[in-house]
Amino acid sequence: MNQPTAPKPAPKGATAAGTTFSQRFQSWREHHKEVALESLRRLMATPLPTLMTILVIAISLSLPAGLYVMLKNAETISNDWDGSAQISLFLRFQTSAEQGRKLADTLAKRSDVKRTEYISREQALAEFQEQSGFGDLLQELGENPLPAVVVVYPSVTDLNAAEKLRSDLARQGEVDLAQLDAQWVQRLYAILELGRRLVAALSIGLALAVLLVIINTIRLAIESRRDEIIIVKLVGGTDAFVRRPFMYTGLWYGLGGCLIALMLIQTVLWWLDGPVAALSDLYRSQFELSGLGLEVSFLMLTGSVLIGLVGARLAVSQHIRSIEPG
1 MNQPTAPKPA PKGATAAGTT FSQRFQSWRE HHKEVALESL RRLMATPLPT
51 LMTILVIAIS LSLPAGLYVM LKNAETISND WDGSAQISLF LRFQTSAEQG
101 RKLADTLAKR SDVKRTEYIS REQALAEFQE QSGFGDLLQE LGENPLPAVV
151 VVYPSVTDLN AAEKLRSDLA RQGEVDLAQL DAQWVQRLYA ILELGRRLVA
201 ALSIGLALAV LLVIINTIRL AIESRRDEII IVKLVGGTDA FVRRPFMYTG
251 LWYGLGGCLI ALMLIQTVLW WLDGPVAALS DLYRSQFELS GLGLEVSFLM
301 LTGSVLIGLV GARLAVSQHI RSIEPG
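Heads up: the sequence shown runs through residues 1 to 326, numbered per UniProt numbering.
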């Protein structure tokens with residue numbers, strides 16, 4: 001006869017409950033959300049100091065960004081001026097209008113020429129009378145003293161290549177004089193290059209200034225919460241746990257400063273739009289002011305947030321370790 005088996009003894013002690021990855025991620029996300037909102041509430045609780053710090057950051061960011069906008073619009077204007085040297089071919093007086101137009105069409109087919117423009121003797125005289133105001137004096141001469149001109153716009157931007165092209169065109173039989181007008185182009189390019197380097201240097205310098213402002217602000221916030229940090233460390237809080245609220249504080253400073261800077265730039269552009277449009281109409285131009293654009297605005301926003309995070313990290317790493325329970 002089979003005897004009943006004895007029941008297995010129940011396990012002693014409590015069992016550990018396992019947690020899945022999604023549960024741990026959910027807890028991590030909720031904690032970061034809570035810390036971020038708490039950091040924002042602390043900043044809102046002291047509106048005047050917070051606003052002053054954000055305005056300092058905004059002005060520091062808006063200066064190089066504003067110069068970049070000016071440089072961008074200046075480059076747009078220079079593109080409207082063809083951006084390359086201009087060669088004027090003054091034709092001989094015995095060259096007929098048909099020969100002049102044929103020469104312009106032939107030169108336009110060259111690979112080193114972007115386009116050509118033929119100006120007849122009559123057109124040159126009419127333009128000179130309109131722009132100079134000496135119409136009555138020219139009429140007393142009895143004949144047109146101005147030659148026909150073929151204006152050549154090279155496709156090359158290098159001055160040496162443009163000079164070589166001028167020498168080649170000067171050997172054409174219909175050409176009496178070939179003149180290269182490139183000095184103003186080189187001056188314009190030199191000014192634009194100087195502007196680019198100035199914007200880059202100013203951006204680096206003011207980014208460092210923003211970094212120092214955030215480091216100093218976070219350092220003061222750490223000192224004001226020194227007792228709180230000591231208590232957190234006494235109950236087992238890690239440096240990463242203590243560091244987290246200050247990292248979000250730096251993030252809010254960078255984000256807020258950049259948003260205010262973008263608003264300042266847009267306000268200035270709106271203020272200048274009317275006078276610029278009136279000036280553009282006087283010169284019969286279609287030029288319109290352009291802003292930073294979405295791509296540059298996003299890069300500026302990302303860079304400002306990164307500066308805030310780096311500044312907060314540097315401040316926290318420097319001061320958190322020195323705060324230990326006695």
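Every residue, glycine too, gets a C-beta built ideally from N, C-alpha and C.
{"Asked": "Once DSSP output is grouped into helix, strand and coil, what is the label at A178?", "Found": "strand"}
{"Asked": "Could you compute how far the alpha carbon of I215 sits from the alpha carbon of S317?", "Found": "11 Å"}
{"Asked": "From Y248, P245, Q172 and G237, pick the residue whose C-alpha is nearest to that of T106; which is it?", "Found": "Q172"}
{"Asked": "Is I229 helix, strand or coil when you go by DSSP?", "Found": "helix"}
{"Asked": "Below 8 Å, how does it come out for the region 52-62 and the region 198-212: are there three or more Cβ pairs, yes or no?", "Found": "yes"}
{"Asked": "I'd like to know whether the C-beta atoms of Y153 and Q86 end up nearer to each other than 9 Å.", "Found": "yes"}
{"Asked": "Helix, strand or coil, according to DSSP, for I323 in the structure here?", "Found": "coil"}
{"Asked": "Who are the Cβ neighbours of A170 in its own chain at under 7 Å, not counting the five residues just before and after it?", "Found": "A178"}
{"Asked": "Out of A315, F25 and H31, which has the shortest C-alpha to C-alpha gap to residue 327?", "Found": "Missing from the structure shown is residue 327; the chain here goes from 1 to 326 and no further."}
{"Asked": "By Cβ distance, which residues of its chain are closer than 6 Å to Y68, with the 5 residues on each side in sequence left out?", "Found": "V199"}
{"Asked": "For R313, name the three-state secondary structure that DSSP assigns.", "Found": "helix"}
{"Asked": "Within 10 Å of its beta-carbon, does W270 have 16 or more other beta-carbons around it, so buried, or fewer, so exposed?", "Found": "exposed"}
{"Asked": "Out of curiosity, what's the CA-to-CA distance linking A201 and I222?", "Found": "32 Å"}
{"Asked": "Which stretch, first to last residue, makes up the beta strand (DSSP E) that contains P154?", "Found": "V149 to P154"}
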